[in-house]
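Working notes, beginning with the structure itself.
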Amino acid sequence: MGDHDDIAQWRAAASLPEVERFFLDARQRIAEEVRTRRPLCLASGACCHFEAYGHRMYLSGLEAAFVVARIDAARARQAANPLRVLEVASARERGDCPYLAGGLCGAHEERPLGCRIYFCDKGADGKGAEWQSDLYEAMHAETIALHERLGAPYRYLEWRAALALFAGE
Ligand code: SF4
310 MGDHDDIAQW RAAASLPEVE RFFLDARQRI AEEVRTRRPL CLASGACCHF
360 EAYGHRMYLS GLEAAFVVAR IDAARARQAA NPLRVLEVAS ARERGDCPYL
410 AGGLCGAHEE RPLGCRIYFC DKGADGKGAE WQSDLYEAMH AETIALHERL
460 GAPYRYLEWR AALALFAGE
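Residue numbers for the sequence shown follow the numbering used here, so the first one is 310 and each next one is one higher.
Here it is as structure tokens:
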């Protein structure tokens with residue numbers, strides 16, 4: 310199976326109500342944890358400069374399809390085009406995320422789970438790294454199980470690699 314077949318299967322699965330419920334519920338659970346832990350965003354947008362910051366963001370093919378569809382729909386409502394391959398390539402050259410604009414996330418409402426969980430602030434007791442990785446691992450395991458339940462191919466993709474795949478279709 311090639312990229313084209315995988316993308317078609319992810320897109321079809323991403324439109325299922327079960328998948329929407331899964332990711333919206335995951336977003337809510339993350340938001341509740343963040344509200345409880347109250348990490349600070351100390352360097353707004355710095356972690357979205359992946360190369361300079363030494364951080365990478367990954368997600369599954371199904372999550373990428375879900376997120377990209379929702380970002381594209383939001384952009385369409387604002388009469389903006391979906392992301393193009395060239396924009397993803399430029400972001401890779403700069404070392405940042407193609408949605409980053411003026412230090413802010415241009416896809417804030419629909420950003421992936423990994424973007425919602427990661428904070429550079431580890432808190433006064435330094436426990437931030439622990440709860441973030443525990444939460445991330447739990448969500449990741451549930452996402453893999455969702456792929457399996459739906460029979461959707463599982464791939465773990467770097468964010469911009471995923472965006473390039475979808476923009477190229
Ligand atoms: S989607 Fe938003 S939060 Fe996530 S890496 Fe891109 S700019 Fe940063």
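Each residue gets a CB set at the ideal place from its N, CA and C atoms; glycine is no exception.
For ligand 1, any of its heavy atoms closer than 7 Å to the Cβ of residue i?
i: C350; result: no
i: L409; result: yes
i: W440; result: no
i: W468; result: yes
i: A416; result: yes
i: R420; result: yes
i: M448; result: no
i: C406; result: yes
i: C429; result: no
Residues bridged to residue i by DSSP?
i: E467; result: Y367
i: L409; result: C414
Just curious, the alpha helix (DSSP H) that residue i is in, first and last residue?
i: H313; result: 312-323
i: F359; result: 359-362
i: P326; result: 326-346
i: S399; result: 394-403
i: C350; result: Per DSSP, C350 belongs to no alpha helix (DSSP H) and is neither H nor E.
i: C486; result: Absent from the structure is residue 486, since the part of the chain shown begins at 310 and ends at 478.
Is the Cβ-Cβ distance between residue i and residue j less than 8 Å?
i: L368; j: W440; result: no
i: A340; j: V397; result: no
i: G412; j: E360; result: no
i: I380; j: A416; result: yes
i: C357; j: C414; result: yes
Pull up the CB-CB distance for residue i and residue j, whole angstroms please, since I reckon it's below 8 Å.
i: A373; j: W319; result: 7 Å
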